[in-house]
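Below is one structure, written out as C-alpha cells; the observations come after it.
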Amino acid sequence: MPMPQTKRAQILAHIQSLGEDEFDGPSLANVLDIKLVTVNEYLGVLHQRKQVHITGWLPSGRTTQLSTRVYRMGPGEDTPRPKQSPADRKASNAAYYQKWLQRQKEEPKNQYKGSPTSVFDLAHHL
Numbered sequence: 216m217p218m219p220q221t222k223r224a225q226i227l228a229h230i231q232s233l234g235e236d237e238f239d240g241p242s243l244a245n246v247l248d249i250k251l252v253t254v255n256e257y258l259g260v261l262h263q264r265k266q267v268h269i270t271g272w273l274p275s276g277r278t279t280q281l282s283t284r285v286y287r288m289g290p291g292e293d294t295p296r297p298k299q300s301p302a303d304r305k306a307s308n309a310a311y312y313q314k315w316l317q318r319q320k321e322e323p324k325n326q327y328k329g330s331p332t333s334v335f336d337l338a339h340h341l
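According to our numbering, the stretch in the sequence shown is residues 216 to 341, in order.
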C-alpha cells in the first residue's frame with residue numbers, strides 16, 4: 216500500500232507534472248481536493264524560493280478585479296498586476312451588479328420554513 220503524500224508533496228508533484236503549462240491556485244485546489252488557502256500558502260512559498268513565477272492575472276471569484284495569480288514552474292520575471300483605472304473599475308463593478316440583479320430576479324426566493332436555527336433567523340420571525 217503506497218504511503219499517503221503530504222499536501223505540499225501532492226501540490227509539488229502535480230505542478231511538476233504540468234511541465235511548462237500555466238496553473239493557478241483555484242484550479243490546483245479543485246483538482247487536488249485541497250483547501251485553496253493551503254494551496255495559495257504553498258504557492259507563495261514556492262514563489263519566494265523562485266521555483267515558480269507569475270505569468271498573468273485572472274479575475275477572482277465574485278469580483279472583477281484581477282487578483283488570482285497565474286503561475287508557471289521555474290524561475291522567471293513576474294508579470295506585474297495590471298492597474299485598473301477608476302472608470303474601468305466602476306464599469307466592471309456596475310456590470311457585475313447588473314448580473315447579480317438579474318440572478319436575483321431569476322432565482323426563486325427561499326422562503327424560510329421550520330424552526331429558527333440562529334439568532335438571525337429568529338429575529339426575522341418575531
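Yeah, the Cβ is synthetic: ideal placement off N, Cα and C, and Gly gets one too.
May I ask you to list the residues that DSSP assigns as paired with residue i?
| i | result |
| --- | --- |
| residue 268 | 287 |
| residue 274 | 281 |
In three-state terms, what does DSSP make of residue i?
| i | result |
| --- | --- |
| residue 282 | strand |
| residue 218 | Its pLDDT being 44, under 50, residue 218 is placed unreliably in this model, and the value from its coordinates should be taken loosely. Three-state DSSP puts residue 218 in coil, outside helix and strand. |
| residue 296 | coil |
| residue 322 | coil |
| residue 235 | coil |
| residue 227 | helix |
| residue 305 | helix |
| residue 250 | coil |
Could you please give the first and the last residue of the uninterrupted alpha helix (DSSP H) stretch that includes residue i?
| i | result |
| --- | --- |
| residue 240 | 240 to 247 |
Considering Cα atoms alone, identify which of the options is closest to residue i.
| i | options | result |
| --- | --- | --- |
| residue 272 | 254, 298, 261 and 250 | 298 |
| residue 253 | 275, 234 and 226 | 226 |
| residue 282 | 224, 315, 239 and 234 | 239 |
| residue 245 | 234, 229 and 235 | 229 |
| residue 224 | 237, 247 and 236 | 247 |
**Request:** Indicate whether the contact test is met: 3 or more Cβ pairs, each with one atom in the region 285 to 299 and one in the region 262 to 270, closer than 8 Å.
**Result:** At 8 Å Cβ cutoff, the stretches touch.
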